[in-house]
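Chemist: Numbering of the sequence shown is given in the numbering used here, commencing with residue 244 and proceeding in unit increments.
Here a beta-carbon is modelled for each residue, glycine too, at the ideal position from N, C-alpha and C.
Predicted model only: the values in this text are computed from it and were never measured.
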Amino acid sequence: MTTDLKRMAHLVRANFITKSTCLAKDSGEMNVRETADFIRVDSGLPSDTFNNSVWLKEQVKPSDTGLIEETVEYFNKKQYPMALWSWEDRNSCTFETLRSLGLNEAETNVAMYADLDALRPDTICPAELRLKEVASAREIEQYEDVLASLFGESAEAANVRLYYKRVPASLLLNHSAMKLYIGTVQDDVVSTGCLIFAPDSVGIYDIATRQECRGRGFGSAMFSFLLAEARKHRTGWCVLQASPDGINIYKRSGFEPVCEVTVYENRHLFE
Numbered sequence: 244m245t246t247d248l249k250r251m252a253h254l255v256r257a258n259f260i261t262k263s264t265c266l267a268k269d270s271g272e273m274n275v276r277e278t279a280d281f282i283r284v285d286s287g288l289p290s291d292t293f294n295n296s297v298w299l300k301e302q303v304k305p306s307d308t309g310l311i312e313e314t315v316e317y318f319n320k321k322q323y324p325m326a327l328w329s330w331e332d333r334n335s336c337t338f339e340t341l342r343s344l345g346l347n348e349a350e351t352n353v354a355m356y357a358d359l360d361a362l363r364p365d366t367i368c369p370a371e372l373r374l375k376e377v378a379s380a381r382e383i384e385q386y387e388d389v390l391a392s393l394f395g396e397s398a399e400a401a402n403v404r405l406y407y408k409r410v411p412a413s414l415l416l417n418h419s420a421m422k423l424y425i426g427t428v429q430d431d432v433v434s435t436g437c438l439i440f441a442p443d444s445v446g447i448y449d450i451a452t453r454q455e456c457r458g459r460g461f462g463s464a465m466f467s468f469l470l471a472e473a474r475k476h477r478t479g480w481c482v483l484q485a486s487p488d489g490i491n492i493y494k495r496s497g498f499e500p501v502c503e504v505t506v507y508e509n510r511h512l513f514e
């Protein structure tokens, strides 16, 4: 990876760390541990959506296993699922080291970046869709309900709802680093999106559409709306993490891939 791409990978990682820690630090209900080597976020819930660990070194080496074991064991003892996020190249020793600790690869996404001023978002929006920033406690509930719907009737769906209920509405509505958005059709909230304002970038997250409303352009419209909102508040770099299926959509808007992001899980170690 070139020096410029490494810098962009670090930018994506730093934005994700802001997303993972900003509410956890400010709510008083969660635990965040930050060292020179890793960030660990314990949401206080058995949820691998919100329990995260991010390794900060260039590579995870066999000599680092003690530190990673500490984090993994911390969650295992509580019987809490967690996600460990890695931005390292697959040719590095990171992957073998994490596998040797018993962690399983859960998913792989692609980190992407773009200059906000150079983006070319699609401006077409379905006529029936209304997009807006979340502005009330009721809209927070509607936002969380769409995200929870991604998990069906599972325990994780309940944890997603509980997470947003445990964070004061005043914090969610006025946080300097996070803005939540919803898309409505008539009075029904059908889509969500989130912007994270880190010191050096704006991140796009949580673009989701209810299962029964997919295929109608709501997710693409939310993406374009988030780009417009990001440009309204900030210049500079915009970052996101794309699923393999979504890469081409973001490329067409001007985003470039920088590296893979691999998520490892521990759930199988205690269930």
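Answer with buried or exposed for K262, where buried requires no fewer than 16 other C-beta atoms within 10 angstroms of its C-beta.
Modeler: Locating residue 262 in the sequence shown gives position 19, where the first residue counts as 1. With a 10 Å radius around the Cβ and a threshold of 16 neighbouring Cβ atoms, K262 comes out buried.
Chemist: If you count every other CB in all the chains shown that lies within 10 Å of the CB of Q454, and 16 or more means buried, which is it?
Modeler: Working through the sequence shown from its first residue, we reach residue 454 at position 211. Result: exposed.
Chemist: Just how far apart, CA to CA, sit E503 and V410?
Modeler: Numbered from its first residue, the sequence shown carries residue 503 at position 260. Numbered from its first residue, the sequence shown carries residue 410 at position 167. Cα-Cα distance, rounded: 31 Å.
Chemist: Using only the alpha-carbon positions, how far apart do V445 and M465 sit?
Modeler: Against the sequence shown, residue 445 aligns to sequence position 202. Against the sequence shown, residue 465 aligns to sequence position 222. If you take the alpha carbons of V445 and M465, they lie about 15 Å apart.
Chemist: How long is the line joining the alpha carbons of V432 and E339, rounded to whole angstroms?
Modeler: Reading the sequence shown from its first residue, position 189 is the one you call residue 432. Reading the sequence shown from its first residue, position 96 is the one you call residue 339. Approximately 43 Å between the Cα atoms of the pair.
Chemist: Which stretch, first to last residue, makes up the alpha helix (DSSP H) that contains N402?
Modeler: For the purposes of this step, residue 402 is taken as the residue at position 159 of the sequence shown. That run of the alpha helix (DSSP H) goes A398 to R409.
Chemist: Taking M355 as the reference, give the member of A252, A378, C456 and R404 with the closest Cα.
Modeler: Position 112 of the sequence shown, counted from the first residue, corresponds to residue 355. Closest by C-alpha distance to M355, out of A252, A378, C456 and R404, is A252.
Chemist: Do A326 and V506 have their C-beta atoms within less than 8 Å of each other?
Modeler: Residue mapping note: residue 326 aligns to position 83 of the sequence shown, counting from 1. Residue mapping note: residue 506 aligns to position 263 of the sequence shown, counting from 1. Cβ atoms of A326 and V506: closer than 8 Å.
Chemist: Could you say which of L310, A485, D388 and R373 lies nearest to F468 if we only look at CA atoms?
Modeler: Locating residue 468 in the sequence shown gives position 225, where the first residue counts as 1. If we check each option's Cα against that of F468, R373 comes out closest.
Chemist: Please identify the residue among A473, L483, C368 and L415 whose C-alpha is closest to the C-alpha of T427.
Modeler: Your numbering for residue 427 matches position 184 in the sequence shown. Nearest option by C-alpha distance: C368.
Chemist: Give me the Cα-Cα distance between A420 and E376, rounded to the nearest whole angstrom.
Modeler: Sequence index remark: in the sequence shown, residue 420 carries index 177 (1-based). Sequence index remark: in the sequence shown, residue 376 carries index 133 (1-based). Rounded to whole angstroms, A420 and E376 show a C-alpha spacing of 14 Å.
Chemist: With H, G and I counted as helix, E and B as strand and the rest as coil, what does DSSP make of R373?
Modeler: What you label residue 373 is simply residue 130 of the sequence shown in a count that begins at 1. Reduced to three states, the DSSP call for R373 is strand.
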